[in-house]
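Engineer: Taking the numbering used here as reference, the numbering of the sequence shown is continuous, increasing by one, and the terminal residue is 231.
For every residue, glycine included, the Cβ atom is placed at its ideal position computed from N, Cα and C.
Computed from a predicted model, the values in this text were never measured in an experiment.
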Amino acid sequence: MKTHLQDWNERSRELAELLSRCALGERRAFAALYQRSSAHLFAVVLRIQRDRAQAEELLQDIYVSIWKAAASFDAAHSQPLTWMTSIARHRAIDSLRRAQAQPQTVSTTPRDEDDAAPEPPAPEGGGPLELLQRASDARELERCVQALTPQQRQSVALAFYDGLSHAEVADRLHQPLGTVKSWVRRALATLRQCLERAAQRDTAQAGQAH
22 MKTHLQDWNE RSRELAELLS RCALGERRAF AALYQRSSAH LFAVVLRIQR
72 DRAQAEELLQ DIYVSIWKAA ASFDAAHSQP LTWMTSIARH RAIDSLRRAQ
122 AQPQTVSTTP RDEDDAAPEP PAPEGGGPLE LLQRASDARE LERCVQALTP
172 QQRQSVALAF YDGLSHAEVA DRLHQPLGTV KSWVRRALAT LRQCLERAAQ
222 RDTAQAGQAH
């Protein structure tokens with residue numbers, strides 16, 4: 022059954038507008054879309070993938086898919102949140118099936134606490150692309166990226182700019198999946214800290230200017 026925009030609530034109309042701007046490549050609109058819908062989609066993913074860390078990683082992959090597919094959203098056939106929820110549900114189910122199909126291995130190598138990957142950012146706090154928007158100077162981003170190791174830069178580029186899943190990045194780099202996930206987690210943590218500092222500096226400078 023076809024939908025009618027005039028019958029939608031304000032949130033649905035806003036999300037539809039953000040998706041249309043995402044289709045035009047507006048990264049600021051994507052940051053706003055993430056902020057307004059990530060809590061809902063994260064809950065959807067978490068009902069399927071109960072491991073919170075895995076669910077948070079999967080959520081980032083889902084938003085890359087939404088960014089790439091925004092132009093295919095048809096407001097005449099579904100509401101925006103319904104469309105995004107369908108993408109999230111299918112990706113979560115596919116991820117769970119792939120995980121169940123893979124042989125389970127247990128590492129016998131002791132792991133120090135310092136070697137543990139940092140916790141990924143909570144989805145309700147804003148995703149990495151939203152943080153990129155908060156860093157007003159592109160040179161700040163370049164400086165932050167240069168602070169990453171070559172492996173981290175390559176894995177993040179493949180995951181967030183080429184839109185590959187963690188498993189696909191692992192295949193491309195010929196590395197174990199766990200290693201790639203660790204690289205991406207550490208890279209996101211480093212970028213978040215660096216970009217937050219940049220955003221704080223921008224805010225402080227703006228306050229001084231006034």
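Gln167: buried (16+ other C-beta within 10 angstroms of its C-beta) or exposed?
Structural biologist: Indexing the sequence shown from 1 puts residue 167 at position 146. Around the beta carbon of Gln167, a 10 Å sphere encloses fewer than 16 other beta carbons of the protein chains shown; the residue is thus reported as exposed.
Engineer: Would you identify the three-state DSSP class for Pro101, choosing helix, strand or coil?
Structural biologist: On the sequence shown, position 80 is the one that residue 101 refers to. Three-state result, Pro101: helix.
Engineer: On the CB-based measure, 16 or more other CB atoms within 10 Å of its CB, does Ala50 come out buried or exposed?
Structural biologist: Along the sequence shown, one-based indexing puts residue 50 at 29. By the 10 Å Cβ count, Ala50 comes out buried.
Engineer: Please state whether DSSP places Ala64 in a helix, a strand or coil.
Structural biologist: The sequence position of residue 64 within the sequence shown is 43, counting from 1. Helix at Ala64.
Engineer: Would you mind giving the Cβ-Cβ distance between Val45 and Leu62, rounded to the nearest angstrom? I have them listed as a contact below 8 Å.
Structural biologist: Numbered from 1 along the sequence shown, position 24 holds the residue referred to as residue 45. Numbered from 1 along the sequence shown, position 41 holds the residue referred to as residue 62. It should be pointed out that residue 45 corresponds to Leu in this sequence rather than to Val. A Cβ-Cβ separation of about 22 Å leaves Leu45 out of contact with Leu62 under the 8 Å criterion.
Engineer: Please go through the same chain and pick out, in chain order, the residues whose beta-carbon is closer than 6 Å to the beta-carbon of Val190, but skip the five residues on each side of it.
Structural biologist: Your numbering for residue 190 matches position 169 in the sequence shown. Excluding positions up to five away in sequence, the list reads Ser176, Leu179, Ala180 and Val201.
Engineer: From this set, Pro171, Arg119, Ser86 and Glu38, which residue's C-alpha is nearest Met105's C-alpha?
Structural biologist: Start at 1 with the first residue of the sequence shown, and residue 105 comes out as number 84. It is Ser86 whose Cα lies nearest to the Cα of Met105.
Engineer: Below 8 Å, can you find three or more Cβ-Cβ pairs linking the region 83-98 to the region 32-45?
Structural biologist: yes
Engineer: My guess is that Gln100 and Ser33 are in contact by the Cβ rule of under 8 Å, so how many angstroms apart are they, rounded?
Structural biologist: To locate residue 100, count along the sequence shown from 1; it is residue 79. To locate residue 33, count along the sequence shown from 1; it is residue 12. 5 Å between Cβ atoms; contact.
Engineer: Alpha carbon to alpha carbon, what distance is there between Ala97 and Pro197?
Structural biologist: On the sequence shown, position 176 is the one that residue 197 refers to. On the sequence shown, position 76 is the one that residue 97 refers to. The alpha-carbon atoms of Pro197 and Ala97 are separated by roughly 43 Å.
Engineer: Put Pro139 into one of helix, strand or coil per three-state DSSP.
Structural biologist: Position 118 of the sequence shown, counted from the first residue, corresponds to residue 139. Note that Pro139 has pLDDT 38, beneath the 50 cutoff, so the model's placement of it is unreliable and no number is given.
Engineer: Alpha helix (DSSP H) containing His195: first to last residue?
Structural biologist: Numbered from 1 along the sequence shown, position 174 holds the residue referred to as residue 195. Run containing His195: none; DSSP gives neither H nor E here.
Engineer: Helix, strand or coil: which one does DSSP assign to Arg71?
Structural biologist: Counting from one through the sequence shown, the residue named residue 71 turns up at place 50. Looking at Arg71 - three-state DSSP - the assignment turns out to be coil, as it is neither helix nor strand.
Engineer: Inspect the beta-carbon positions of Leu216 and Leu169 and report whether they are closer than 9 Å.
Structural biologist: Within the sequence shown, numbered from 1, the residue matching residue 216 stands at position 195. Within the sequence shown, numbered from 1, the residue matching residue 169 stands at position 148. Their beta carbons are not under 9 Å apart, which means Leu216 does not touch Leu169 by this criterion.
Engineer: Tell me the residue span of the alpha helix (DSSP H) that contains Leu39.
Structural biologist: Residue 39 sits at position 18 when you count from the first residue of the sequence shown. Unbroken alpha helix (DSSP H) run through Leu39: Glu31 to Ala44.
Engineer: Have a look at Leu185, Leu194 and His111 and flag the residue whose alpha-carbon is nearest the alpha-carbon of Gln172.
Structural biologist: Counting from 1 along the sequence shown, the entry for residue 172 is found at position 151. Among Leu185, Leu194 and His111, the Cα nearest to that of Gln172 belongs to Leu194.
Engineer: How big is the Cα-Cα spacing for Arg207 and Leu102?
Structural biologist: On the sequence shown, position 186 is the one that residue 207 refers to. On the sequence shown, position 81 is the one that residue 102 refers to. The straight-line gap from Cα to Cα measures roughly 31 Å.
Engineer: Using the rule of at least 16 other Cβ atoms within 10 Å of the residue's Cβ for burial, across every protein chain shown, is Ala76 buried or exposed?
Structural biologist: If you number the sequence shown from 1, residue 76 lands on position 55. When all chains shown are included, Ala76 counts as buried.
Engineer: Can you name, in chain order, every residue of its own chain whose Cβ lies under 7 Å from the Cβ of Leu185, other than the five neighbours on each side?
Structural biologist: Here residue 185 refers to the residue found at position 164 of the sequence shown. Cβ neighbours of Leu185 beyond the five flanking positions: Leu179 and Arg193.
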